[in-house]
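Trainee: Residue numbers (full-length UniProt numbering): 1 to 399. Could you have a look at this structure, given as C-alpha cells, before my questions?
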C-alpha cells in the first residue's frame with residue numbers, strides 16, 4: 001500500500017494527544033495536513049490513561065507543576081492555551097466529566113470520548129491520518145522529504161510529536177530525539193518518570209506481605225514532598241505520592257515517609273498514658289494504621305514493647321517510636337523503569353526551541369511538541385495539558 005498523495009503543507013509525525021490536537025488546529029486553517037503513526041492505531045496512550053477514563057487536564061495548572069531544565073519555558077504555551085480552553089472544547093462535545101482530588105479532571109464514561117473528539121476535529125479539518133507508516137529517513141532542503149515504508153512524502157513544515165520512551169509495550173522509540181540530534185539540537189538525558197519504586201533489601205519482603213494496602217502519607221526526598229496515597233506492592237511502593245516523588249528522586253537517595261501526616265504521635269502517646277493507661281501500644285496504633293502494617297513495623301522496630309501497656313513504656317522510648325513513624329526512612333534500589341513509567345523525564349533541550357512557537361532554533365520549519373520535549377508534568381492531568389498547550393503554540397505559528 002502506498003500513500004495516494006505525497007505533498008502536504010504540514011506533516012506531523014506521531015498520532016498521540018499532541019499530534020492529533022495540533023493537526024486538527026492546523027487543518028482548520030485550511031492547510032493540507034498529514035499525521036503519520038508508526039503503530040496500528042492512534043491515541044493508544046489516551047485510551048489507557050486515567051484507568052481508561054483519561055485524566056485530560058487539571059484545574060490548577062501552573063508552571064510549578066512541571067519539571068524542565070528551564071523552569072520558565074512552559075509558561076508561554078500554558079498561558080496561550082489553558083485548561084479552561086480545553087475544558088470548553090470538551091464541553092462543546094457534551095462529554096461528561098468530574099473532578100477528583102487535587103483538581104484532576106476525568107471523563108465520567110470513557111477515555112474513548114477524548115480520542116473520538118480529537119478524531120472528529122481532525123475529520124472536520126480534512127486531516128489525513130496514516131497508521132503503520134514507518135519513517136526511515138528525513139532530509140531538509142527548502143522543505144522536508146520524508147521516506148516511509150509507504151513511499152516518499154514532502155512537506156513545507158514538519159512537527160515531531162513522537163512522545164518519549166515510557167511504556168515500551170506501546171512500541172515507543174527514541175525516534176524524536178534522533179530527529180532533533182540530526183538537526184543539531186541537544187537532548188537532556190532521559191529517564192523514567194511517574195514510576196513505582198523497587199527495593200532489594202529487607203523492605204522488599206515486607207512490601208510483599210503488605211501488597212495491596214494503600215494509606216495516605218507524606219513522602220519526601222530532598223526539597224520535595226507529596227501528601228497522597230502510597231500503595232504497597234509485591235516489588236515495593238507505588239501510588240500517587242510515590243509516582244510524584246519519583247520525578248525528583250535520584251538513585252541511591254533515601255526516601256522518608258511520615259505515616260501519620262498531621263498527627264503528633266509523641267503527644268498522642270503522652271495523652272494516652274492519661275486516658276488509656278491499660279491499652280497496649282499495638283491497640284493504640286491499629287486505630288491509626290492498618291493492623292498488618294503495625295505488626296510488621298513492630299517486629300522490626302519495637303518488638304519488645306508491642307504488647308506492653310502504654311504506661312509501661314518510658315516516654316523517651318515512645319518518642320523514638322513516634323520518630324520512626326513520622327520519619328520512616330527507606331532506600332529504593334531503583335524505579336521500575338520505562339516498563340511502567342507514565343512519562344519520560346528529559347528530552348529535546350528547550351534551549352534549542354522557541355517557547356512561543358515550539359520551533360527549532362537550529363532548523364527552520366521543524367517543531368517539537370508534547371512529551372518528546374524536556375517538559376514533564378506532575379501526576380494529575382498536567383502532561384495532557386502540556387500536550388494541548390504545546391500543540392496549540394506550534395499550530396498558531398503554522399497557521
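Quick reminder that beta carbons are idealized off the backbone N, C-alpha and C, glycines included.
#1: Between which residues of its own chain and residue 65 is the CB-CB distance below 7 angstroms, once the five residues before and five after are set aside?
#2: How big is the Cα-Cα spacing for residue 1 and residue 239?
#3: Any idea what DSSP makes of residue 131, helix, strand or coil?
#4: From residue 133 to residue 179, what does the alpha carbon distance come to, in whole angstroms?
#5: Please confirm if the segment 383–395 is in contact with the segment 74–81, defined as three or more CB-CB distances below 8 angstroms between the two stretches.
#6: Please tell me whether residue 107 and residue 113 are closer than 9 angstroms, where the distance is taken between their beta carbons.
#7: Under 8 angstroms, with one C-beta from each stretch per pair, do the segment 160–167 and the segment 343–361 reach the 3-pair mark?
#8: Nearest by alpha-carbon distance to residue 366: which of 156, 81 and 130 is it?
#9: For the putative contact between residue 442 and residue 150, defined by C-beta atoms under 8 angstroms, what is the C-beta separation to the nearest angstrom?
#10: Please report the straight-line C-alpha distance between residue 234 and residue 305, rounded to a whole angstrom.
#11: Could you compute how far the alpha carbon of residue 288 sits from the alpha carbon of residue 210?
#12: Do you know whose CA, among 171, 62 and 316, lies nearest residue 40's CA?
#13: Please return the same chain residues whose Cβ sits closer than 6 angstroms to the Cβ of residue 33, not counting the five positions on each side in sequence.
#14: For residue 201, which residues of its own chain have a beta-carbon under 6 angstroms away from its beta-carbon, when the five flanking residues on both sides are left out?
#15: Taking just the CA atoms, how far does residue 261 sit from residue 270?
#16: Please specify which runs of the alpha helix (DSSP H), each continuous and at least 4 residues long, are wholly inside the UniProt domain "RsdA/BaiN/AoA(So)-like insert" (191–343), giving them in chain order.
#17: Looking only at DSSP bridge pairs, what is residue 347 linked to?
#18: Quick one: residues in its chain with C-beta nearer than 6 angstroms to the C-beta of residue 275, no 5 flanking neighbours on either side, listed in chain order?
#19: Flag this pair as yes or no: are the beta carbons of residue 129 and residue 247 separated by less than 9 angstroms?
#20: Using DSSP with H/G/I as helix, E/B as strand and the rest coil, what is residue 95?
#21: Which of the three DSSP states, helix, strand or coil, is assigned to residue 412?
#22: Nearest CA to the CA of residue 84: which residue from 101, 62 and 47?
#23: On a CA-only basis, which of 359, 384, 396 and 385 is nearest residue 159? Give me that one, please.
#24: Can you check whether the CB of residue 203 is closer than 9 angstroms to the CB of residue 176?
Mentor: On the basis of the supplied data:
#1: Working through the chain shown from its first residue, we reach residue 65 at position 65. Closer than 7 angstroms at the Cβ level, and outside the excluded window around residue 65, lie 377, 378 and 382.
#2: For the purposes of this step, residue 1 is taken as residue 1 along the chain shown, with counting starting at 1. For the purposes of this step, residue 239 is taken as residue 239 along the chain shown, with counting starting at 1. Interpretation of residue 1 is limited by its pLDDT of 38, a score under 50 that renders its predicted location unreliable; the figure taken from the coordinates is listed afterwards. Taking the straight line from one Cα to the other gives about 45 angstroms.
#3: For the purposes of this step, residue 131 is taken as residue 131 along the chain shown, with counting starting at 1. It is coil, neither helix nor strand.
#4: If you number the chain shown from 1, residue 133 lands on position 133. If you number the chain shown from 1, residue 179 lands on position 179. C-alpha separation (whole angstroms): 16 angstroms.
#5: yes
#6: Reading the chain shown from its first residue, position 107 is the one you call residue 107. Reading the chain shown from its first residue, position 113 is the one you call residue 113. Yes, the Cβ-Cβ distance between residue 107 and residue 113 is below 9 angstroms.
#7: yes
#8: Residue mapping note: residue 366 aligns to position 366 of the chain shown, counting from 1. For residue 366, the nearest C-alpha among the options comes from 156.
#9: The chain is shown from 1 up to 399; residue 442 falls before or after that span and cannot be answered.
#10: Within the chain shown, numbered from 1, the residue matching residue 234 stands at position 234. Within the chain shown, numbered from 1, the residue matching residue 305 stands at position 305. Their Cα atoms are separated by approximately 28 angstroms.
#11: Residue numbering aside, residue 288 sits at position 288 when the chain shown is read from its first letter. Residue numbering aside, residue 210 sits at position 210 when the chain shown is read from its first letter. Residue 288 and residue 210: Cα-Cα distance of roughly 16 angstroms.
#12: As a first step, residue 40 is located in the chain shown; it is residue number 40 there, counting from the start. Nearest of 171, 62 and 316 to residue 40, Cα basis: 171.
#13: Residue mapping note: residue 33 aligns to position 33 of the chain shown, counting from 1. Excluding residues within five positions, the ones whose Cβ falls inside 6 angstroms are 10, 23, 26, 27 and 127.
#14: The sequence position of residue 201 within the chain shown is 201, counting from 1. For residue 201, where only same-chain residues beyond five positions count, there are no Cβ hits under 6 angstroms.
#15: One-based indexing of the chain shown puts residue 270 at position 270. One-based indexing of the chain shown puts residue 261 at position 261. Their backbone Cα atoms lie some 18 angstroms apart in a straight line.
#16: 202–209, 240–246, 265–275, 281–285, 291–301 and 315–326
#17: Within the chain shown, the letter at position 347 stands for residue 347. Paired residues: 188.
#18: In the chain shown, counting from the first residue as 1, residue 275 sits at position 275. Hits under 6 angstroms: none found.
#19: Residue numbering aside, residue 129 sits at position 129 when the chain shown is read from its first letter. Residue numbering aside, residue 247 sits at position 247 when the chain shown is read from its first letter. No, Cβ-Cβ distance for residue 129 and residue 247 is not below 9 angstroms.
#20: Walking along the chain shown from the start, residue 95 turns up at place 95. Of the three classes helix, strand and coil, the one that applies to residue 95 here is coil, per DSSP.
#21: Within the shown structure, residues of the chain are numbered from 1 to 399, placing residue 412 beyond reach of any answer.
#22: As a working note, residue 84 is residue 84 in the chain shown. Of the listed residues, the one whose Cα sits closest to residue 84 is 62.
#23: As a working note, residue 159 is residue 159 in the chain shown. It is 359 whose Cα lies nearest to the Cα of residue 159.
#24: Position 176 of the chain shown holds residue 176. Position 203 of the chain shown holds residue 203. Against a cut-off of 9 angstroms, the Cβ pair of residue 203 and residue 176 comes out as no contact.
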